Amino acid sequence: MDNLVGIKTKNFVLIASDMIVPASILCVKSDESKFSNIYDTVVLAHCGSFQQCCGLRNLFTESVKLQALDGQVPLCSQTTAFFVQNYIHSRLRQQPMESTFMIMDKNRSLYSVDQYGAMSSSNYICMGYSRFFLYGLLDREYREDMTADEAIGLLQKCVDLMKNRFLLNYQRYMVKIFENDQLRSVELKPSVN
Numbered sequence: 002m003d004n005l006v007g008i009k010t011k012n013f014v015l016i017a018s019d020m021i022v023p024a025s026i027l028c029v030k031s032d033e034s035k036f037s038n039i040y041d042t043v044v045l046a047h048c049g050s051f052q053q054c055c056g057l058r059n060l061f062t063e064s065v066k067l068q069a070l071d072g073q074v075p076l077c078s079q080t081t082a083f084f085v086q087n088y089i090h091s092r093l094r095q096q097p098m099e100s101t102f103m104i105m106d107k108n109r110s111l112y113s114v115d116q117y118g119a120m121s122s123s124n125y126i127c128m129g130y131s132r133f134f135l136y137g138l139l140d141r142e143y144r145e146d147m148t149a150d151e152a153i154g155l156l157q158k159c160v161d162l163m164k165n166r167f168l169l170n171y172q173r174y175m176v177k178i179f180e181n182d183q184l185r186s187v188e189l190k191p192s193v194n
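Here the sequence shown stands for residues 2 to 194, where the numbers follow my numbering.
Shown next as structure tokens:
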């Protein structure tokens, strides 16, 4: 029941994630960060089965760090996405995943890897239940020359749309933004109608 939204422009890249940890119809936690930073160069976000996602997020983060330290691969979102994709492909038949991942880096690239290992890159990506509601809004209002403030305004519209259309009550969203080689975080809440 998680949501991930990623937006890439000429000047920055960002990923927004809800902060809820659901268990069936219960909200176990409402302030969980679903992000992992790899040397403040690459950010990995997850959605899906929380227990599985946390284990995989830690595995991917530490494995990519080790490979970067060994000098085997350069540390960027593309190599991280390939690593995630290869791991999911190797486990697909024996142990299917219920986890999807979105990866961005300071070079303004954005990738997503779904539970089947399909990797994609686009200017904006929605994962989880948000993909059913937000693509129309993003198609209409996305511009490649947006500023970070305009993109956060667009994300605020996305958050409000999810509040109006979706049954679950997502109260908080965490946004990670790579702009000018700096990583910063912003928290969004649905506006009151």
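All residues carry an ideal CB built from backbone N, CA and C; glycine is no exception. The structure displayed is predicted, hence computed values, not measured ones.
When the options are compared against residue i, the one with the closest alpha-carbon
i	options	result
residue 56	130, 122, 78 and 37	37
residue 133	159, 119 and 142	159
residue 30	61, 14, 51 and 122	51
residue 10	144, 25 and 138	144
residue 162	135, 148 and 187	135
residue 58	89, 147 and 182	89
Those residues which DSSP pairs with residue i across a bridge
i	result
residue 1	In the structure as shown, the chain starts at 2 and stops at 194, and residue 1 therefore has no counterpart that could be examined.
residue 19	174
residue 103	46 and 113
residue 128	5
residue 13	180
residue 190	DSSP, once it has assigned bridges, lists no residue as partnering residue 190.
residue 70	In the DSSP output, where bridge partners are listed per residue, residue 70 has none listed.
residue 36	46
residue 163	Residue 163 is not bridged to any residue.
residue 121	113
residue 27	24
Distance, residue j Cα to residue i Cα
i	j	result
residue 185	residue 177	6 Å
residue 191	residue 157	7 Å
residue 92	residue 164	35 Å
residue 8	residue 63	26 Å
residue 71	residue 39	15 Å
residue 179	residue 107	6 Å
residue 169	residue 154	22 Å
residue 151	residue 142	10 Å
residue 97	residue 75	28 Å
residue 42	residue 117	26 Å
residue 69	residue 84	12 Å
residue 174	residue 23	14 Å
residue 27	residue 18	19 Å
residue 171	residue 34	14 Å
residue 167	residue 13	29 Å
residue 120	residue 110	13 Å
residue 227	residue 115	Because residue 227 is not part of the residues shown, which for the chain are 2 to 194, the question remains open.
residue 61	residue 80	11 Å
residue 189	residue 20	10 Å
residue 122	residue 112	5 Å
residue 149	residue 95	42 Å
With a threshold of 8 Å, are at least 3 pairs of Cβ atoms found where one atom belongs to the region 36-52 and the other to the region 95-115? A contact exists between the region 36-52 and the region 95-115.
Sufficient close CB pairs (3 or more, under 8 Å) joining the region 124-132 to the region 3-19: With contact defined as three or more Cβ pairs closer than 8 Å, the region 124-132 and the region 3-19 are in contact.
Alpha helix (DSSP H) runs wholly inside the region 131-159, at least 4 long, in chain order: Runs of the alpha helix (DSSP H) inside the region 131-159: 136-142.
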